[in-house]
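Note that the protein sequences, when read in sequence, are chains H and D. Residue 148 in the working numbering is what sits at position 148 of the first sequence, and the numbering runs on without skipping anything. If you want the working numbering, it's the 1-based position in the second sequence plus 331. Report on the structure given below.
2 protein chains.
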Amino acid sequence: MRIALAGLGHVGAATLRLLQANAELLAERGQMMKVVAVSARDKGKKRDCDVSGIDWVDDVLDLAKRDDVDIVVEVVGGASGIALELARAALKNGKHFVTANKALIAAHGVELAQMAETHKVQLSFEASVCGAVPVLKMLREGLAANRISSIRGILNGTCNYILTRMESEGADFATILADAQKLGYAEADPSDDIDGIDTANKLAILAAVVFGRAPDLGAIFVEGIRAITLQDLRAASAKGGRIKLLGIATRNEAGEVTQRVQPVFVPLTEAVANVGGVFNALEISGDFSGETLIQGRGAGDPTASAIVADLVDIARGNRGYAFGVPAEKLV
Amino acid sequence: MRIALAGLGHVGAATLRLLQANAELLAERGQMMKVVAVSARDKGKKRDCDVSGIDWVDDVLDLAKRDDVDIVVEVVGGASGIALELARAALKNGKHFVTANKALIAAHGVELAQMAETHKVQLSFEASVCGAVPVLKMLREGLAANRISSIRGILNGTCNYILTRMESEGADFATILADAQKLGYAEADPSDDIDGIDTANKLAILAAVVFGRAPDLGAIFVEGIRAITLQDLRAASAKGGRIKLLGIATRNEAGEVTQRVQPVFVPLTEAVANVGGVFNALEISGDFSGETLIQGRGAGDPTASAIVADLVDIARGNRGYAFGVPAEKLV
């Protein structure tokens, strides 16, 4: 499989390192995988990966046009713009498209899934939710036998990190946010994370896979953690629990789906309460499986693990609908 | 897909109920699935499932001979005997074989995997480890990008249930075991569970998938929970932890694999310590993924969830080597 890589930030560089470090093992588990072309904004930037021997392409859209590319991997980010143009071009040109871009899939997932079906290629986005943790595979395949009534998850590592440190250090929100920004755990403009937008994008994707709905950000009630005070956390602790920013989607007996992102009190007796720091987690309730909880790391290296898992699936010929059902069935 | 079901104990009955209850949903997610024949020891026994309209077959081995069967599902149990004969007959006759039987796969998995490859059918045993939790799919697919250095898990719900109740009730081993037997959480002859044999079977399968080794029960050091006293649990609690029966497999830098089943002190700060009652859990350390933990339920309904997930994979045409690599590569 010949791969083009768009974007060489933390996740892109980690993906390249993984493909190089574990090349032999990946060949055993699927097929030989080779990155033939890369593109990123600044060629001169120092990066934690080795691009020697790989074609550098200045116009990222050219990656989708190359005859020597089977799969385009996108880690540029953004709900539209370059990422969307690249996705459309790659799929139209009959190339598989693998992305970690939750905003893109939440906004344009159905259009792209339709395009992938038309051109008989794979659209894969395991890396868009919960880092290394293969939650989409679990929902689409591992728990496919179940009627799922609810999912709830800690989907944003930055928020969980801030809440965990506020509690353990007895510090207020602004102090921990500032330190998280200094340490690189939060962006200079943290709004996407702390106002719940990133969590909402991920929840929209999860709910689509679980309930066969088109991702719909407008249907999600969203409240972030900006207003959470140390007093709130202390009150939660006194009541035997913690406050966690959760993405929750449920379906009732009548088939009505509700989706919300909000800070929620979780008793310590529930496993989700004990998922701390930068960890992500998802709890899934199925009619035969009962409750399943999966937790793991997000960010650079773990997200690369999920991207390459998608590549291995494609290499093995394991194909499937992007959201588990044909795009036209997503209502 | 036309299915023959061998065994109608808790798991078999739950599998039949699931296939009937979620038939429409399964058709959407894969293909129509229909149980055409069943076999069990006692036809007259009252069971929690409806076998009307399904052929009852007295000789279980006849299930493997029927022209109207695509997949044989085995939930009879046992490392050899009928289960092994049925597996060989089904695979030789070109039928997919799906089983929840850990003892069978730990003892004869390589032979059966070879047979499946020869006859170009699927051998699947997700249900043999961790009930509903799709750990084999995670290891073979979701975390396929990683070099995995260690796994450790709570693999036997009966032991975890006994240890959890001993601690919470301050009762001794014999008292809780007797009550667990009365409630149906432990067998009349509990040795397979409490002496660690069941955990060892599951660990052998997991280690095979993770490290590309043939399952080898003889290579596993096994110690059960029979000797654990209330005093041990109290001492662990005083040191800020719990005693859990873990299956652990690790590979060092030199490639040497060690496998053991034993009661281990786990600090409360580690997620595994907080997995209580009948829950199963597996923690996986990969070079890019970092630590991933997955937990969920075992026993009847949840195990049926895993069996049917295997059926959905077969229906979708998602095929793969039983242990992730060709059987001849298992050393």
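In this text, a Cβ means the ideal position worked out from N, Cα and C, and glycines have one as well. Source: prediction; values computed, not measured.
Step through the CB atoms of chain H and report whether any lies within less than 7 Å of the CB of D:Q626. yes
Beta strand (DSSP E) segment containing D:F552, residue limits: I551 to V553
Closer than 7 Å by C-beta to D:Y492: which residues in its own chain qualify, once you throw out the five before and the five after it? Chain order, please. A511, Y516, G608 and V609
Return the first residue and the last residue of the beta strand (DSSP E) that D:I485 is part of. I479 to I485
Which listed residue (H:V51, H:D195 and H:V325) has its alpha carbon closest to that of D:G361: H:V325
Put H:K102 into one of helix, strand or coil per three-state DSSP. helix
Same chain, Cβ closer than 8 Å to D:A519, neighbours up to 5 away in sequence not counted: Q512
Local conformation of D:A545 per DSSP, three classes: coil
For H:L163 and H:K244, I'd like the C-alpha separation in whole angstroms. 7 Å
Distance between H:V135 and H:G296 (C-alpha atoms, nearest Å): 10 Å
Residues of the region 628 to 659 of chain D whose Cβ lies closer than 7 Å to any Cβ of chain H, in chain order: R628, D632, P633, A635, S636, V639, A640, V643, D644, R647, N649, G651, G655 and V656
Kindly confirm or deny that the region 165 to 174 of chain H and the region 202 to 215 of chain H touch, where touching means at least three C-beta pairs closer than 8 Å. no
Work out the CA separation of H:A83 and H:L230 for me, nearest whole Å. 39 Å
Would a check of beta-carbon distances place H:A132 closer than 7 Å to chain D? yes
Do you know offhand how far D:K451's Cα is from D:A444's? 10 Å
Verify the CB distance criterion: does D:D532 have a CB-CB separation below 7 Å to chain H? In the sequence as displayed, the identity of residue 532 of chain D is Asn instead of Asp. False, the Cβ-Cβ gap to chain H never drops below 7 Å.
Since H:K202 contacts H:V129 with CB under 8 Å, what's their CB separation in whole angstroms? 5 Å
Check whether chain D comes within 7 Å of H:A116, counting only Cβ atoms and requiring the distance to be less than that. no
When you compare each of D:L347, D:K423, D:F552 and D:S636 to D:V588 by their alpha carbons, which one comes out closest? D:F552
Can you check whether the C-beta of H:T269 is within less than 7 Å of a C-beta belonging to chain D? no
Give every residue of the same chain whose Cβ lies closer than 8 Å to the Cβ of D:A358, excluding the five residues on either side of it in the sequence, and list them in chain order. M364
Check H:F173 in the structure and name its three-state DSSP category. helix
Cβ separation of D:L613 and D:G484, assumed to be a contact under 8 Å, to the nearest whole Å: 4 Å
What span of residues does the beta strand (DSSP E) with D:T634 cover, start to end? Per DSSP, D:T634 belongs to no beta strand (DSSP E); it is in the alpha helix (DSSP H), G631 to R647.
DSSP state of H:S237, grouped into three classes? helix
Is it true that the CB of H:P302 sits closer than 7 Å to the CB of H:G131? yes
Give the residues from the region 134 to 157 of chain H that approach chain D closer than 7 Å (Cβ to any Cβ), ordered along the chain. P134, K137, M138, E141, G142, L143, A144, A145, N146 and R147
For D:A414: DSSP bridge partner residues: Beta-bridge pairing links D:A414 to no other residue.
Residues from the region 24 to 35 of chain H in contact with chain D, defined by Cβ distance under 8 Å: L25, L26, E28, R29 and G30
Any contact between the region 562 to 571 of chain D and the region 469 to 486 of chain D? By contact I mean 3 or more CB pairs, one from each, below 8 Å. no
So D:I402 is in the alpha helix (DSSP H); what residue range does that whole segment cover? Note, D:I402: premise wrong, no alpha helix (DSSP H); beta strand (DSSP E) at I402 to E405.
What does the Cβ neighbour count give for D:L558, buried or exposed, with the cut at 16 atoms within 10 Å? The question names Leu, yet the displayed sequence has Ala at residue 558 of chain D. D:A558 should be labelled exposed.
Could you tell me whether any Cβ in chain D is nearer than 7 Å to the Cβ of H:N22? yes
Check for me: the beta strand (DSSP E) holding H:L282 runs from which residue to which? F279 to G286
In this structure, what does DSSP give as the bridge partners for H:R2? H:K34
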